[in-house]
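Novice: One rule links them: number in our numbering = place in the sequence shown (from 1) + 10.
Please read through the structure below; I'll follow up with questions.
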Amino acid sequence: MIARILLITAALLLMSCGGGSSSSAGSGSDSSPADTDFGTVTLTGQTEVWSDEINWTLSARADGLNGSGVSFQLAADNSGLEIDATTGVIQGQDTTPGVYDLVITAEDDAGGSTAKSFSFTSNAFIAGHWLMDLPSSDEELLMVISRNGRTSITRSSALGGINAACNGQLSIVGDTVSGNLGCVDAEL
């Protein structure tokens, strides 16, 4: 009786472990095609530029895809940007000021793909100087704005004497200008 119990226990143990059978059901070898690649897209360069800039660089690189022959696509959100499908170099000229949500997709010749979302900011270019006549007071107003948003306003009379000065820091993000200017209107 004990021998029969041991024999049945041994048979059950072998069957539960997959032993004693030539079936490949539990062997874990599956000859199905490779899984879809899940690589990464990396950006190198400027994702924030001035709207009048034409000499900036931004490029995409795909890592972790199994195949070769990677090609790139760009969903450009009306930004005016384009991507070279082979090199991943992104270009655009005189981009309209704004903040754009873009998506780069990279796909290899084995069908694997990956995508990256990013923001691209084209800041309004308003740097320069402006001279405005104030005919009612026979004065001129001179405003100077630098690329980094530093602003100064000078008000002078017809005789050349300055009777007011303003300065401060403006922040330019996309097509939005904000900040504070402090003015001195007293005798200088």
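Glycine is no exception: its CB is placed at the ideal position from the N, C-alpha and C atoms.
From a predicted model like this one, the values you see are computed outputs, not experimental measurements.
Given a threshold of 16 other Cβ atoms within 10 Å of its Cβ, counted over all protein chains shown, does L141 qualify as buried or as exposed?
Specialist: Residue 141 sits at position 131 when you count from the first residue of the sequence shown. L141 comes out exposed.
Novice: Under the three-state reduction of DSSP, which class applies to E63: helix, strand or coil?
Specialist: Numbered from 1 along the sequence shown, position 53 holds the residue referred to as residue 63. Three-state DSSP puts E63 in coil, outside helix and strand.
Novice: Can you tell me whether DSSP reads L152 as helix, strand or coil?
Specialist: Working through the sequence shown from its first residue, we reach residue 152 at position 142. Looking at L152 - three-state DSSP - the assignment turns out to be strand.
Novice: So, are the CB atoms of Q101 and E92 less than 7 Å apart?
Specialist: As a first step, residue 101 must be located in the sequence shown, where it is residue number 91. As a first step, residue 92 must be located in the sequence shown, where it is residue number 82. Yes, these two residues count as a Cβ contact at 7 Å.
Novice: Whole angstroms is fine: what's the gap from V51's alpha carbon to G192's?
Specialist: Counting from one through the sequence shown, the residue named residue 51 turns up at place 41. Counting from one through the sequence shown, the residue named residue 192 turns up at place 182. Rounded to the nearest angstrom, the two C-alpha atoms are 45 Å apart.
Novice: For I64, is the classification buried or exposed, using 16 other Cβ atoms within 10 angstroms of its Cβ as the cut-off for buried?
Specialist: Within the sequence shown, residue 64 is the residue found at index 54, counting from 1. Exposed: under 16 other Cβ atoms inside 10 Å.
Novice: Starting from the Cα of G90, find the closest Cα among G49, S181 and V109 and give me that residue.
Specialist: For this step, residue 90 is matched to residue 80 along the sequence shown. Nearest option by C-alpha distance: V109.
Novice: Leaving aside the five residues before and after V99 along the sequence, list all residues of the same chain whose C-beta is less than 6 Å from its C-beta, in chain order.
Specialist: As a working mapping, residue 99 is identified with position 89 in the sequence shown. Only S69 meet the Cβ criterion.
Novice: Would you list the one or two residues that DSSP bridges to A70?
Specialist: The residue given as residue 70 occupies position 60 in the sequence shown. For A70, which the question treats as bridged, DSSP gives the partners L53.
Novice: For G79, count the other beta carbons within 10 Å of its own beta carbon; 16 or more makes it buried, fewer makes it exposed. Which is it?
Specialist: Walking along the sequence shown from the start, residue 79 turns up at place 69. Flag for G79 reads exposed.
Novice: Going by the CB atoms, is the gap between G77 and D199 shorter than 7 Å?
Specialist: No answer is possible for residue 199: the residues shown for the chain start at 11 and end at 198.
Novice: Whose CA, out of D87, L53 and A86, lies closest to the CA of D73?
Specialist: Position 63 of the sequence shown, counted from the first residue, corresponds to residue 73. Comparing Cα positions, the closest option is L53.
Novice: Which word fits S188, buried or exposed, when buried means at least 16 other C-beta atoms lie within 10 angstroms of its C-beta?
Specialist: Here the question's residue 188 lines up with position 178 in the sequence shown. With fewer than 16 other Cβ atoms within 10 Å, it is exposed.
Novice: Taking just the CA atoms, how far does Q56 sit from E117?
Specialist: For this step, residue 117 is matched to residue 107 along the sequence shown. For this step, residue 56 is matched to residue 46 along the sequence shown. If you take the alpha carbons of E117 and Q56, they lie about 23 Å apart.
Novice: Opposite D119 in the DSSP bridges: which residues?
Specialist: Counting from 1 along the sequence shown, the entry for residue 119 is found at position 109. D119 is not bridged to any residue.
Novice: In or out: S202 buried (at least 16 other Cβ within 10 Å) or exposed?
Specialist: Nothing about residue 202 can be reported from this structure: the residues present for the chain run from 11 to 198 only.
Novice: Excluding sequence positions up to five away, which residues of its chain have a Cβ less than 8 Å from the Cβ of F48?
Specialist: Residue mapping note: residue 48 aligns to position 38 of the sequence shown, counting from 1. Excluding residues within five positions, the ones whose Cβ falls inside 8 Å are G74, G122 and T124.
Novice: Would you kindly work out how many angstroms separate the C-alpha atoms of V113 and F130, rounded to a whole number?
Specialist: Translated into positions along the sequence shown, residue 113 becomes position 103. Translated into positions along the sequence shown, residue 130 becomes position 120. In a straight line, the C-alpha of V113 is about 10 Å away from that of F130.
Novice: Looking only at DSSP bridge pairs, what is V99 linked to?
Specialist: In the sequence shown, counting from the first residue as 1, residue 99 sits at position 89. In DSSP, V99 forms a bridge with S69.
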